[in-house]
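What follows is one structure encoded as structure tokens, with my remarks underneath.
Number of protein chains: 2
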Amino acid sequence: MAAFSFAPSHFGAGPRTGILRTAHGEVRTPAFMPVGTQGTIKSLRPEAVRAAGTEMILANTYHLALRPGAATIARAGGVARFIGWPGPVLTDSGGYQAFSLSPSIDDDGVRFRSHLDGAPFRLTPEGAIAIQEDLGSDIAMVLDECPPDPLDRDRAASAVERTIRWARRSIAARARPDQAVFAIVQGGVHEDLRGACAEALREMPFEGLAIGGVSVGEEKEAIHAATSVAAPHLPADRPRYLMGVGEPDDILWAVRCGIDLFDCVIPTRCARNGRLYTFRGRMRIRNARFRKDDQPIEEGCDCMACARVSRAYLAHLHTRGETLGATLATHHNLRFFQRLMEGIRRAIDEDRFDTFARSFAEGFVEERESP
Amino acid sequence: MAAFSFAPSHFGAGPRTGILRTAHGEVRTPAFMPVGTQGTIKSLRPEAVRAAGTEMILANTYHLALRPGAATIARAGGVARFIGWPGPVLTDSGGYQAFSLSPSIDDDGVRFRSHLDGAPFRLTPEGAIAIQEDLGSDIAMVLDECPPDPLDRDRAASAVERTIRWARRSIAARARPDQAVFAIVQGGVHEDLRGACAEALREMPFEGLAIGGVSVGEEKEAIHAATSVAAPHLPADRPRYLMGVGEPDDILWAVRCGIDLFDCVIPTRCARNGRLYTFRGRMRIRNARFRKDDQPIEEGCDCMACARVSRAYLAHLHTRGETLGATLATHHNLRFFQRLMEGIRRAIDEDRFDTFARSFAEGFVEERESP
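Quick mapping for you: the protein sequence lines, in order, are chains A and B.
If you're matching positions, the first sequence starts at -2 in my numbering and goes up one per residue.
If you're matching positions, the second sequence starts at -2 in my numbering and goes up one per residue.
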């Protein structure tokens, strides 16, 4: 496992910075990973993803396994090389998509049908490891059971048990020493279940642990509750990853709980819908009031859009349906999230995280109504 | 007119190189301009357009006048600044689109309805100059009459007369000394009409002359015939621009006739449809045989796609409908056209243009069937 290591700033509770080292480069934590669903951060070249301050991306195993297929990617030398990304990649297990496709679940694994053509698809803990070894990501995720409702205690308890059994099989299935594997803690919002799951998983030789099941459509309160109860049980010497989160306030909440890694489709998906993030709040660029607005999206932002063009031009591109509108908006939103992470890391290192988080919350409104 | 000058390598017949100087930078000729219909070379950032070797782009007056409107662009400081393009821009007059929208034509100008919402639109020679002065392009084009069939002698003759009258009014309407204006020679495939039109226009103080009416859907033979008969009548001390052309073989034909400037949607439109240019011919990247092809599109190409990713990845992006596929393909095709122009300029300077053109024609096939 020499290819992978993690050095956090401290082993206690609360916000921390760190450096995660992989064969494809270093990642400063707390880190935000954009999501490249089909082998691309939609509408952005890898150079632009990097220029936004991104150090690691997430790629979806399920989508890549369907098309172009794990064998094609293995032959190309792995997912990073295939897509031209000059840095580390984390892959999910495919389980998240599987559980959204009404699978039949038994102790062996899950069966479901491809959303593309209905072809039967079977995912087991061993299969998820094997596919991700073909994909050649730097960090692979185990297959876990992800129940739909974090409040349902019985489902959460059985998911914890199965997740632990599957994690053990994942460890046994590992064959690539150059790939790290993270296990996933389930247990909904129930502290005892989260605690029991984490205690069992930390005994196994995983390079990191993740909090799962907090981004399946539930309310903010449930996300925050699950994070708060799970985080203290994650081992301090390994990276802690909160899967599928989130909005800036969710990230700030989780950083306070000691989380090191995040991924979310929010910045990229919102960008394509013309919703732009600034430190004063979100803007809808298609709104008529921006059509004659010569200002950049956000004064002081160093993204490729703010450096060169106005809100009026972006409004023009978005209303005309030009893909360059999505490209520039995606770069801006991604740069916003990475500027947020840079601010968080600096604030932690300078021991003023609480002030930073409070100041952010005071300035940021959900939907900006004024320019 | 100090902002604009042109220095060709010679004033005789045949292929020539040159340098066209504008307030926004120099353009080496023969030059190819990609087309930015709605204020964007579709799917490419200006930096990528520039990195492909592009020195001047074409922007469509008609589309920009409808949305976002000439006033918005004037207030932003001109079209180059509005769209973030760091170089010269040539605008057409809007006439080409007007003549495709079944206009009513009289000696005053053309009336037609917007393709967006049916709103009435009126274009006169004076109006076309005024809008382009608002757009602030480096080179503006006069409004000309562009008849649908270059073989119809009577229509061509009356279009020549009206085009000359409109050109005179365009000169009288000019108010911006920092903007060059090119007139357009009509006359179909008829040498005497092309000659008469060019003789009349060269007496007026236009900074350049263009050959119009050769890209309205006609056959290659008509394009070549019109270029051959018109080019000798264009003044040698001013740039010669063949509007809307074309395929590589058309460009080579026209360069031999002494043409300096070209524009065409072919590289960008084909790219979005997955048709990629190489010096061995065009490829359809969606073809199944590329799905497992680890080679770059073209060995030796220095575009952002060939430098980093394989045909298999591009095939994946195009079949999945990912916009990054259009972005990478557009950059590749544009780079191909600019590499062609670089090859042409070098060959002319080294007095081996005929060898270059013959060698290109022998290597290039319309549709490549083998990798």
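Here a beta-carbon is modelled for each residue, glycine too, at the ideal position from N, C-alpha and C.
Assess, as a yes-or-no matter, whether the segment 137 to 153 of chain A is touched by the segment 171 to 189 of chain A under the definition of 3 or more beta carbon pairs within less than 8 Å.
yes
List in chain order: all unbroken alpha helix (DSSP H) runs of 4+ residues lying wholly within the segment 37 to 78 of chain B.
43 to 48, 58 to 63, 67 to 72
What residues in its chain sit with their C-beta under 6 Å from that of B:V226, if we drop five residues either side in the sequence?
E188, R191
Can you have a look at B:F203 and say buried or exposed, based on whether 16 or more other CB atoms are within 10 angstroms of its CB?
buried
Counting along the chain, where does the alpha helix (DSSP H) carrying B:G322 start and finish?
320 to 346
Tell me whether the beta-carbon of B:R42 lies closer than 9 Å to the beta-carbon of A:T324.
yes
Per DSSP, what kind of secondary structure is A:M(-2) in: helix, strand or coil?
Any reading at A:M(-2) must be qualified, since the residue scores a pLDDT of 42, below 50, and its modelled position is unreliable; the value itself is stated next. In the structure shown, A:M(-2) sits in coil (DSSP, three-state: anything other than H, G, I, E or B).
Closest to B:R150 by CA distance: which of B:G184, B:G106, B:P236, B:S167 is it?
B:G184
I'd like to know whether the C-beta atoms of A:I294 and A:T320 end up nearer to each other than 9 Å.
no
Looking at C-alpha atoms only, which residue of B:C298, B:E363, B:T14, B:A116 is the closest neighbour of B:L63?
B:A116
Going along the chain, which residues of the segment 297 to 308 of chain A sit with their C-beta nearer than 8 Å to a C-beta in chain B?
M301, R305, V306, S307
Quick one: list the residues of chain A neighbouring B:T37, beta-carbon separation under 7 Å, in chain order.
L314, E319, L321
Out of A:G106, A:L98, A:V107, A:I126, which one is the CA nearest neighbour of A:D114?
A:L98
How big is the Cα-Cα spacing for B:A28 and B:T160?
26 Å
List, in chain order, every chain B residue whose beta-carbon is nearer than 7 Å to that of A:P65.
R288, A309, H313
If contacts are defined as beta-carbon pairs under 8 Å, then B:L331 and B:P31 qualify, I think. What distance do you get, rounded to the angstrom?
6 Å
Do the segment 65 to 76 of chain B and the segment 100 to 108 of chain B meet, that is, are 3 or more Cβ pairs less than 8 Å apart?
At 8 Å Cβ cutoff, the stretches do not touch.
Would you decide whether A:S2 is buried or exposed? Buried here means 16 or more other CB atoms lie within 10 Å of its CB.
exposed
Name the residue from B:L206, B:A207, B:A223, B:I126 whose alpha carbon lies nearest to the alpha carbon of B:D175.
B:I126
Under a CB-based cut-off of 9 Å, is A:R277 close to chain B?
no
Starting from B:G360, follow the alpha helix (DSSP H) in both directions and report where the run begins and ends.
350 to 360
What in chain B is Cβ-close to A:D151, meaning under 9 Å?
Residues of chain B passing the Cβ test: none, with the nearest at roughly 39 Å.
Rounded C-beta distance between A:C143 and A:G210? I'm assuming under 8 Å.
5 Å
Could you spell out where the beta strand (DSSP E) holding A:F24 opens and where it closes?
Checking the sequence shown, residue 24 of chain A turns out to be Val, not Phe. That run of the beta strand (DSSP E) goes 22 to 26.
At a Cβ cut of 8 Å, what residues of the segment 68 to 98 of chain B count as close to chain A, listed as they run along the chain?
Taken in chain order, the members of the segment 68 to 98 of chain B whose beta-carbon sits within less than 8 Å of a beta-carbon on chain A are T69, R72, A73, F79, I80, G81.
Along chain D, which residues have their Cβ under 7 Å away from the Cβ of A:R119?
No chain D is part of this structure, whose protein chains are labelled A and B.
Who pairs with A:F96 in a beta bridge, going by DSSP?
In DSSP, A:F96 forms no bridge with anything.
Spatial neighbours of A:A0 within its chain, please: CB distance less than 7 Å, with the 5 preceding and 5 following residues excluded, ordered by chain position.
T19, A20, D175
Can you confirm whether A:T19, when its beta carbon is compared against all beta carbons of chain B, has any partner nearer than 9 Å?
Not closer than 9 Å to any Cβ of chain B, the Cβ of A:T19 fails to qualify, so no.
Give the residues from the segment 106 to 137 of chain A that approach chain B closer than 9 Å (Cβ to any Cβ), ordered along the chain.
none
Could you pull out every residue in the same chain whose Cβ sits closer than 8 Å to the Cβ of B:Q35, ignoring the five residues on either side in sequence?
The answer, listed in chain order, is N57, H60, L61, R64.
What would DSSP say about A:G255, mapped onto helix, strand or coil?
coil
Taking only beta-carbon atoms, is B:L198 less than 9 Å away from chain A?
no
Do you know how far the Cα of B:F353 is from the Cα of B:G9?
20 Å
Classify B:G271 as buried or exposed, calling it buried when 16 or more other Cβ atoms lie within 10 Å of its own Cβ.
buried
Can you have a look at B:G322 and say buried or exposed, based on whether 16 or more other CB atoms are within 10 angstroms of its CB?
buried
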